[in-house]
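Protein chains in written order, with the numbering used here: chain A, 30 to 141; chain B, 171 to 278. In this text, a Cβ means the ideal position worked out from N, Cα and C, and glycines have one as well. The block underneath contains the structure these notes are about, expressed in structure tokens.
The structure is reproduced here in structure tokens:
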């Protein structure tokens, strides 16, 4: 597995603002993903963070709302833009190692 | 139809009993299957992976896979209060799809 550090661990934000979540992995990984877990629900894939190129977004998620950076093989950021209360969720960074998916500690976001 | 379906629970079992969790998947192309444990307020933790038909045992956990029936299960033997959590089933073809999870409560 790997040590996957995410920050912030939680934040409370105002409507209309943006928050950038950072994900740092202790080893180089090719595949890195961002998931969302809304209250009481399972995990939904937002996008695959591709190193050196634009992220690949799943249906229902767009780059303008969730811009992602992946400058190298150990780091990625997810920005939640122009937030609304509907964006209140847990956001999880994850990496694929040996065909297994491992998760960071998560960022709990509350939008007022 | 959801890609991965689980009994939502909650499932309540007495300490020391066997907890049985079930999962079905719709994509016959799925090749890899996983069980994650998620404690309240924490991120999911991988506890089992299974790739071929049959049983796979790891400590108190046994995963069972039947590709013909598109069915995956997880047995937790000698359940402990520390096993109280939500268990997520996941199936992977070209991407990983998660079920909604089954909440397990182990009664002391």
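Same chain, Cβ closer than 6 Å to residue i, five either side skipped, listed in chain order
i: residue 73/A; result: 65
i: residue 75/A; result: 63, 65, 90, 95
i: residue 187/B; result: 249
i: residue 261/B; result: 174, 195, 200, 203, 267
Status (buried if at least 16 other CB within 10 Å, exposed otherwise) for residue i
i: residue 189/B; result: buried
i: residue 220/B; result: buried
i: residue 228/B; result: exposed
i: residue 92/A; result: exposed
i: residue 256/B; result: buried
i: residue 89/A; result: exposed
i: residue 70/A; result: exposed
i: residue 141/A; result: exposed
i: residue 32/A; result: exposed
i: residue 41/A; result: exposed
i: residue 120/A; result: buried
i: residue 210/B; result: exposed
i: residue 49/A; result: exposed
i: residue 57/A; result: exposed
i: residue 136/A; result: buried
i: residue 277/B; result: exposed
Counterpart residues of residue i in DSSP-defined beta bridges
i: residue 64/A; result: 74/A, 121/A
i: residue 227/B; result: 232/B
i: residue 93/A; result: Residue 93/A pairs with nothing; no bridge assigned.
i: residue 39/A; result: 137/A
i: residue 206/B; result: 216/B, 258/B
Beta-carbon neighbours of residue i, restricted to chain B and to distances below 8 Å
i: residue 129/A; result: 204, 216, 219
i: residue 135/A; result: 212, 213
Own chain residues within Cβ distance below 8 Å of residue i, not counting five before or after
i: residue 110/A; result: 47, 93, 94, 95, 96
Amino acids of chain B, ordered along the chain, whose beta-carbon sits closer than 9 Å to that of residue i
i: residue 70/A; result: 270, 271
i: residue 121/A; result: 213, 214
Interface partners of residue i on chain E, CB under 7 Å
i: residue 132/A; result: Considering every chain present, this structure includes no chain E. Its protein chains are A and B.
Under 8 Å from the C-beta of residue i: neighbouring residues of chain A
i: residue 265/B; result: 74
Other residues of its chain near residue i: CB distance less than 7 Å, five sequence neighbours each side excluded
i: residue 216/B; result: 204, 206
i: residue 117/A; result: 138, 139, 140
Partner residues on chain A for residue i, Cβ-Cβ distance less than 9 Å
i: residue 258/B; result: 71, 72
Q: Determine contact between the segment 181-197 of chain B and the segment 243-254 of chain B, defined as no fewer than three beta-carbon pairs at a distance below 8 Å.
A: Yes, the segment 181-197 of chain B touches the segment 243-254 of chain B.
query: Pairing CB atoms from the segment 191-198 of chain B with CB atoms from the segment 262-274 of chain B, are three or more of them under 8 Å?
result: The segment 191-198 of chain B and the segment 262-274 of chain B touch, with no fewer than 3 CB-CB distances between them shorter than 8 Å.
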